[in-house]
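Participant: Dropping the structure in here first, questions after.
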Amino acid sequence: MEEHQIPVLRILGSSPSRVVFFRFIKKLLKLPKRTNSERMKLALGIPDLCTYLISRLIKLKIKYENVFHEELNIYNNVIEKTIGNIKGDILYNSLKNIGNNFEYNIHEDFRRRLNKRIYTWYIDGDFLLLRFMCHRGAFREDINKKCLLCEKEDNGIEHVINNCNKLKKERNDLITELNKLDANTKNKTLLKVIEYYYYSKKLSNSKDGKKKDNKGIKLIKTFIKNMYYLYGKIKGKKR
Ligand SMILES: [Zn+2]
71 MEEHQIPVLR ILGSSPSRVV FFRFIKKLLK LPKRTNSERM KLALGIPDLC
121 TYLISRLIKL KIKYENVFHE ELNIYNNVIE KTIGNIKGDI LYNSLKNIGN
171 NFEYNIHEDF RRRLNKRIYT WYIDGDFLLL RFMCHRGAFR EDINKKCLLC
221 EKEDNGIEHV INNCNKLKKE RNDLITELNK LDANTKNKTL LKVIEYYYYS
271 KKLSNSKDGK KKDNKGIKLI KTFIKNMYYL YGKIKGKKR
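Residue numbers for the sequence shown follow my numbering, so the first one is 71 and each next one is one higher.
Written out as structure tokens, the structure is:
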């Protein structure tokens, strides 16, 4: 039997094309070239293009088989060659593996929450949240040794989000509000809470759960937006 090839998968399977593609995505999202690609892929919920396309193909295959009540075998070869015998949600498994490297606990609802709760309609807080999840802007210790806000501690993300005195009120207000919305956020640092909200929270479909989730995301986006604006103001003054 003739082997069915999917050219786009063959092209995307080669690593130079993937590098170029993710460089292009960074440009499109106005993220600096040196942004960690793994972190960016995770924040976007696209672990790898090949995996992403194969997962789409599997879904379409299942849809076709359900609608027409016949097996669609022509793509079996290419699916097997690309992912082997891996079963289950390959996209989720891939994201989970990347998440492990950063010590994030990726919930199986993560991709659905990205679309339904986190990036729902465009506001400028979206771009800043993505930038933040990629650890970009404001936290470069190689550029600014000291925190630009307090000028006392090292300029790391943990210090700025969890400890910086200049954000004390905003941080405490946000933690209090988030604790009221979701008990899982209690006894965690703010950075851990934001990571939990982004990657590890379950998608609740109840009216109340949806309302609380949306409110939490909105509060986090506002906090991050204000933090970046504060940085921008200080940087502007120094020029
Ligand atoms: Zn500081």
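Backbone N, C-alpha and C define an ideal beta-carbon position, used for all residues, glycine too.
Note that this is a predicted model, so its numbers are computed, not measured.
Measure the C-alpha to C-alpha separation of LYS216 and TYR301 and round it to an integer number of angstroms.
Facilitator: Looking at the two C-alpha atoms, the distance is approximately 13 Å.
Participant: Quick check on the DSSP output: what are the complete alpha helix (DSSP H) runs of length 4 or more inside the stretch 85-118, in order along the chain?
Facilitator: Qualifying alpha helix (DSSP H) stretches, in chain order: 85-98, 107-114.
Participant: Tell me, please, whether the stretch 203-215 touches the stretch 250-263 by the rule of three or more beta-carbon pairs shorter than 8 Å.
Facilitator: Short answer: they don't touch.
Participant: Relative to the C-alpha of LYS186, which candidate in LEU289, ASN147, ASN275, LEU161 has its C-alpha closest?
Facilitator: The shortest Cα separation from LYS186 among LEU289, ASN147, ASN275, LEU161 belongs to ASN275.
Participant: Considering only residues of the same chain and omitting the five flanking positions on each side of LEU248, which have a CB-CB separation below 8 Å?
Facilitator: Correct list, in chain order: THR255, VAL263, TYR267, GLY286, LEU289, ILE290.
Participant: In three-state DSSP terms, what is LYS291?
Facilitator: LYS291: helix per DSSP, three-state reduction.
Participant: From what residue to what residue does the alpha helix (DSSP H) around SER276 run?
Facilitator: Per DSSP, SER276 belongs to no alpha helix (DSSP H) and is neither H nor E.
Participant: Name the one or two DSSP bridge partners that LYS216 has.
Facilitator: Its beta-bridge partners are ASP224.
Participant: Are the beta-carbon atoms belonging to PRO102 and ARG201 less than 7 Å from one another?
Facilitator: No, Cβ-Cβ distance for PRO102 and ARG201 is not below 7 Å.
Participant: Which of helix, strand or coil does DSSP assign to LEU261?
Facilitator: Note: LEU261 maps to helix in three-state DSSP.
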